[in-house]
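Heads up: the protein sequence lines correspond to chains A and B, in order.
Numbering-wise (the numbering used here), the first sequence opens with residue 8 and increments by one.
Numbering-wise (the numbering used here), the second sequence opens with residue 6 and increments by one.
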Amino acid sequence: MAFDQNVFINCPFDKDFKPLLKALIFELIYLGFTPKLSQTLSSSSIRIIQIKDLIKTCKFSIHDLSRSKAMIAGELPRFNMPYELGLDIGALEYGGRKLKTKRILILETERYHYQKVISDIAGQDIENHDDDPKTLITKVRNWFSANFSEETIVGQRVIWIAYNQFIDDLNNNLSATYTVDEIEEMPIGDFIKFSAVWIRRFKE
Amino acid sequence: MKFDKNTSSKNSSLKNSYIYDMLKKSMFTKKLGTKVAVSARPLNSRKYHVITGDGQKWNVVADGSTRATRVFTTKLSAIEFARETAIKIQGEVIIHKKTGEIEERVSLAR
């Protein structure tokens, strides 16, 4: 696996987050990266072992902590995301030479929310997306641009326009076979495959 | 532990989990993938997309292009322009939500 191209995504998988996750996956593929999610792993072995293996194979990581709070009254916040972020930072801090080149981006909904819940991550690359896919695309694109200062990274407008057209083509072509809900709830692994073939053709 | 998909659909916490996603039936086939990919570069596109742009602006974008044909300050005026342009070629207007998802398709074929 190409360590330099792999991006570990640690984010919520709920319905509300899906528009953000889809935009993020599309963007990464558009920029030439390979998204790696625990959601696409086999369920046959212990998940956390697989996540640790994923972290080791990815130079880049994007962690979204926007659901690390109660989304509705009485609900508990999710702790999986901060836990996996801790594992990733540990890999960077205590890992070998290759792992010391890791780059980590932390996303949240509101600016400085992390200061209330996990202030020890101050000093890391932290951006907010306001739960808006277009803002997320811009922040992630700019982060990669800062990490590849010698290269010109395609603009966020291009990615956003392409993403909108992809969503239309995906829904349009699958609607004869699947319902709107089935398309909406498509497994992330399939969304990655459809994105990859569409982007390859779009860029020709 | 064995999960029954039908039973689990009633359980929102499981439905939101990665396990539920893995239980879902795979949709990608080579045939469907090719169909979706081919539409990325249509030979004769008749579609115009209304897409959110920078700030509060709205773009009208011809299908297959990565540049806006025109930029508007309101969504309504962008839709109006897209309709006027698409009607000349009996095309289609795709109105997108701010999330990129489809809000409405308007066919202007007579």
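Glycine included, C-beta positions come from ideal geometry on N, C-alpha and C.
Bear in mind the structure is a predicted one, so any value in this text is a computation, not a measurement.
By the 10 Å Cβ neighbour count, where 16 or more other Cβ atoms means buried, how is residue i classified, buried or exposed?
{"i": "PHE67(A)", "result": "buried"}
{"i": "SER44(B)", "result": "buried"}
{"i": "GLN95(B)", "result": "exposed"}
{"i": "ARG72(B)", "result": "exposed"}
{"i": "GLN163(A)", "result": "buried"}
{"i": "LEU27(A)", "result": "buried"}
{"i": "LYS15(B)", "result": "Any answer about LYS15(B) is weak, because its pLDDT of 44 lies below 50 and its placement is not dependable; what the coordinates show is given next. With fewer than 16 Cβ atoms within 10 Å of its Cβ, LYS15(B) is classed as exposed."}
{"i": "GLN172(A)", "result": "buried"}
{"i": "TYR101(A)", "result": "exposed"}
{"i": "PHE3(A)", "result": "Given a span of 8 to 211 for chain A in the structure shown, any question on residue 3(A) remains unanswerable."}
{"i": "GLU97(B)", "result": "buried"}
{"i": "GLY58(B)", "result": "buried"}
{"i": "SER156(A)", "result": "exposed"}
{"i": "SER202(A)", "result": "buried"}
{"i": "ARG115(B)", "result": "exposed"}
{"i": "ASN49(B)", "result": "exposed"}
If distances are taken between C-alpha atoms only, which option among the options comes closest to residue i?
{"i": "VAL165(A)", "options": "THR145(A), LEU177(A) and GLU158(A)", "result": "THR145(A)"}
{"i": "GLU109(B)", "options": "VAL55(B), LYS35(B), GLY60(B) and THR74(B)", "result": "VAL55(B)"}
{"i": "GLY6(A)", "options": "PRO26(A), PHE40(A), SER45(A) and ASP21(A)", "result": "With chain A running from 8 to 211 in the structure shown, residue 6(A) is simply not present."}
{"i": "LYS123(A)", "options": "GLU189(A), LEU61(A), ASN180(A) and LEU72(A)", "result": "LEU72(A)"}
{"i": "ASP139(A)", "options": "LEU114(A), ILE69(A) and PHE155(A)", "result": "LEU114(A)"}
{"i": "VAL14(A)", "options": "ASP175(A), PRO194(A), LYS109(A) and ASN149(A)", "result": "LYS109(A)"}
{"i": "ILE69(A)", "options": "ASN17(A), ILE190(A) and ASN149(A)", "result": "ASN17(A)"}
{"i": "ALA91(B)", "options": "ASP59(B), THR74(B), THR79(B) and LYS102(B)", "result": "THR74(B)"}
{"i": "GLY97(A)", "options": "LYS63(A), ASP176(A) and LEU31(A)", "result": "LYS63(A)"}
{"i": "PHE198(A)", "options": "PRO19(A), ASP23(A) and LEU31(A)", "result": "LEU31(A)"}
{"i": "ALA129(A)", "options": "GLU157(A), TRP205(A) and LEU112(A)", "result": "LEU112(A)"}
{"i": "SER31(B)", "options": "TRP205(A), SER202(A), PRO194(A) and ALA203(A)", "result": "PRO194(A)"}
{"i": "LEU113(B)", "options": "LYS102(B), ARG46(B), ARG51(B) and PRO47(B)", "result": "ARG51(B)"}
{"i": "LYS36(B)", "options": "GLU189(A), SER75(A) and LEU181(A)", "result": "LEU181(A)"}
{"i": "GLU34(A)", "options": "ALA183(A), ILE55(A), SER152(A) and THR184(A)", "result": "SER152(A)"}
Would you list the residues sitting across from residue i in a DSSP beta bridge?
{"i": "GLU134(A)", "result": "LEU114(A)"}
{"i": "LYS52(B)", "result": "GLU97(B)"}
{"i": "SER68(A)", "result": "PHE15(A) and ILE111(A)"}
{"i": "LEU44(A)", "result": "ILE16(A)"}
{"i": "GLU109(B)", "result": "ILE100(B)"}
{"i": "VAL66(B)", "result": "HIS54(B)"}
{"i": "VAL76(B)", "result": "ASN64(B)"}
Our contact map puts residue i next to residue j with C-beta atoms below 8 Å; I'd like the distance itself, whole angstroms only.
{"i": "ARG208(A)", "j": "ALA42(B)", "result": "4 Å"}
{"i": "ASN135(A)", "j": "ARG118(A)", "result": "4 Å"}
{"i": "PHE40(A)", "j": "GLN57(A)", "result": "Incorrect: roughly 20 Å between the Cβ atoms, too far for contact."}
{"i": "LYS200(A)", "j": "GLY105(B)", "result": "Contact flag wrong, Cβ pair sits at about 19 Å."}
{"i": "LYS141(A)", "j": "PHE10(A)", "result": "Going by Cβ atoms, the distance from LYS141(A) to PHE10(A) rounds to 30 Å, so no, they are not a contact pair."}
{"i": "ILE168(A)", "j": "VAL111(B)", "result": "Not a contact, Cβ separation roughly 19 Å."}
{"i": "CYS2(A)", "j": "LYS43(A)", "result": "In the structure as shown, chain A begins at 8 and stops at 211. Residue 2(A) is therefore absent and cannot be evaluated."}
Verify the contact flag: residue i, CB atom, against every heavy atom of the ligand ATP, threshold strictly below 7 Å.
{"i": "ASN17(A)", "result": "As for the ligand ATP, it is missing from this structure, which has no ligand bound."}
Interfacial residues, the segment 149 to 163 of chain A to chain B, with Cβ spacing under 8 Å: So the list is empty, because no residue satisfies the distance condition.
Members of the segment 163 to 175 of chain A near chain B, C-beta cut-off 8 Å: So the close ones are ARG164, VAL165, TRP167, ILE168, ALA169, TYR170, ASN171, GLN172, PHE173, ILE174 and ASP175.
The segment 82 to 110 of chain A: which residues have C-beta closer than 8 Å to a C-beta of chain B, in chain order? Here the close residues number zero.
Contact set between the segment 73 to 88 of chain B and chain A, restricted to residues whose Cβ is under 7 Å from the partner: Taken residue by residue, none of the segment 73 to 88 of chain B has a beta-carbon sitting less than 7 Å from a beta-carbon on chain A.
Select from the segment 194 to 211 of chain A all residues with a C-beta closer than 8 Å to any C-beta belonging to chain B, and list them in chain order. Cβ contacts with chain B: PRO194, ILE195, GLY196, ASP197, LYS200, PHE201, VAL204, TRP205, ILE206, ARG207, ARG208, PHE209 and GLU211.
Which residues, in order along the segment 86 to 107 of chain B, keep a beta-carbon less than 8 Å from a beta-carbon of chain A? Listed in chain order, the positions of the segment 86 to 107 of chain B with a beta carbon within less than 8 Å of a beta carbon of chain A are ILE99, HIS101, LYS103, THR104, GLY105, GLU106 and ILE107.
So if I threshold CB-CB distances at 8 Å, which residues from the segment 36 to 60 of chain B count as touching chain A? So the list reads LEU37, GLY38, THR39, LYS40, VAL41, ALA42, VAL43, SER44, ALA45, ARG46, LYS52, HIS54, ILE56, THR57, GLY58 and ASP59, given in the order they occur along the chain.
Can you give me, in chain order, the residues of the segment 176 to 187 of chain A that have a beta carbon less than 8 Å from any beta carbon in chain B? If the cut-off is 8 Å between Cβ atoms, the segment 176 to 187 of chain A has ASP176, LEU177, ASN178, ASN179, ASN180, LEU181, THR184 and TYR185 near chain B.
Where the segment 131 to 143 of chain A meets chain B: residues whose CB sits under 8 Å from a CB there: Within the segment 131 to 143 of chain A, contact with chain B at the beta-carbon level (separation under 8 Å) is assigned to ASP139, PRO140 and LYS141.
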